[in-house]
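Chemist:
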Amino acid sequence: MSVALVGAGPGDPDLITCRGLRLIQQCQVLVYDRLVGPELVAEAPLDAILVDRDGIDQDEVNDLLVDYGRLGLRVVRLKGGDPFVFGRGGEEALVLRDAGIEVEVVSGVSSFAAVPAAAGIPVTHRGLAQEATIVMGHDADLDFARLAASPGTLVFFMGARSLPCIAAGLLAAGKHPDTPAAVIANGTRSDQEVVTSVLAEIAEAAAAVPTPALIVIGEVVSLAGAIGPAQRHYGAAARLLV
Ligand SMILES: C[S@@+](CC[C@H](N)C(=O)[O-])C[C@H]1O[C@@H](n2cnc3c(N)ncnc32)[C@H](O)[C@@H]1O
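Next up, the structure:
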C-alpha cells in the first residue's frame, strides 16, 4: 500500500521530474490539483481513475487517498510546484502514515524560484540578495516590520488579491518605496505575464494581472530587464516599469 505525493512543477509540463512523470504514466488513480497542467493529467493511463480535486475539501481528499491507498492501488496525488511548499503535502503525508499507508514524496520544481527565473529574476544574486523569504500572502496578516527589515528577496505566494495591503504594510514598516517589485502570473506557461515596477506603484501596475501569481520584492527584480525571459518562450506579455 503506497501513495505517491508528486510535484508537477510550476506550470510548464516539461518541468516535472522524470520520476514524477513515470509514476503518473503507471498510476491507477490520479488525484490532481487545479494548477496542474492538463498535459500531465493526459499522461495517466486511459483506464486510470482521474479525480479533479477542485471543489473537494481537504478532509474529503484525505479520505479518498486513504481509501484508494487501502485498496492497494497505485495512487498518485499530483500537486502544483512542490508538494511540501504551500501544498498541504505534509498534512496528507501525516494522514496517510496515520492510516498505515506508505508515502513516497516526489519533489517538484517549486514556483518559488522557477517562476521568477522564467521572468529573468534570480531569487538570490551575489551583491543584491544573500537570502530569500517565502511568505504566504493570502490574508496579508503579516509581520511587516520583520519582512521590511529583511535585506533579501521577499517572495509572496497567493498574494495577488492582498497585494495593495502587502505593499502598504511594507511601506508603512519602512521598506523603501523605490524597492523593485514584480508580479508574475501563469509563470513558465505560454500565457505568462510579468509586471515590474517599484514597491510604491506595484499594486496599481499589477491590478489587472490574472492568477496564479507570485509577487517578488527586492533588488533582484532590477535584473529582469537585463537577463530577460528564460530560454524557453514563456509568453510575451511583460510590462517593465522600473
Ligand atoms: C497553493 S500554492 C502552491 C505552491 C506550489 N506548491 C509550489 O511549490 O509552487 C499556489 C500559489 O503558488 C503560486 N504559483 C504557483 N504556480 C504559479 C505560476 N505558474 N505562476 C505564478 N505563481 C504561481 C501562486 O502564488 C499561487 O497562488
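Going by the working numbering, the final residue of the sequence shown carries number 228, and the count climbs one at a time with no gaps.
Note that CB positions come from ideal geometry on N, CA and C, so glycine has one too.
Being a predicted model, the structure only gives us computed values, none of them experimental.
#1: Grab the span of the beta strand (DSSP E) containing residue -10 for me, first residue to last.
#2: So within the stretch 122 to 194, which uninterrupted beta strand (DSSP E) runs reach at least 3 residues, ignoring any that extend past its ends?
#3: Taking the straight line between their C-alpha atoms, what separation do you get for residue 153 and residue 8?
#4: What is the rounded straight-line gap between the Cα of residue 167 and the Cα of residue 122?
#5: Quick one: give me the first and last residue of the alpha helix (DSSP H) that residue 59 is part of.
#6: With a threshold of 8 Å on Cβ separation, who are the neighbours of residue 228 within its own chain once the five nearest residues in sequence on each side are excluded?
#7: Hey, is residue 68 close to ligand 1, as in C-beta under 6 Å from one of its heavy atoms?
#8: So the alpha helix (DSSP H) residue 90 belongs to, where does it begin and stop?
#9: Between 140, 60, 52, 99, which lies nearest to residue 68 when the distance is taken from Cα to Cα?
#10: Check this for me: beta carbons of residue 148 and residue 126, under 7 Å apart or not?
#11: Residue 131: buried (16+ other C-beta within 10 angstroms of its C-beta) or exposed?
#12: With residue 107 as the anchor, note down where its beta strand (DSSP E) starts and where it stops.
#13: From 203, 70, 14, -6, pick the residue whose C-alpha is nearest to that of residue 134; which is it?
#14: Closer than 6 Å to a non-hydrogen atom of ligand 1 - does that hold for the CB of residue -13?
Modeler: In short, the structure shows the following:
#1: -12 to -7
#2: 139 to 143, 166 to 171, 179 to 184
#3: 42 Å
#4: 17 Å
#5: Element bounds for residue 59: n/a, residue is neither H nor E.
#6: With a pLDDT of only 49 at residue 228, under the threshold of 50, the placement of this residue in the model should not be trusted; the figure read from the coordinates follows. Here the set comprises 166, 182, 183, 184, 207, 208, 210, 211.
#7: yes
#8: Run containing residue 90: none in the alpha helix (DSSP H); it sits in the beta strand (DSSP E), 88 to 92.
#9: 99
#10: yes
#11: exposed
#12: That residue, residue 107, is in no beta strand (DSSP E); it is neither H nor E in DSSP.
#13: 203
#14: no
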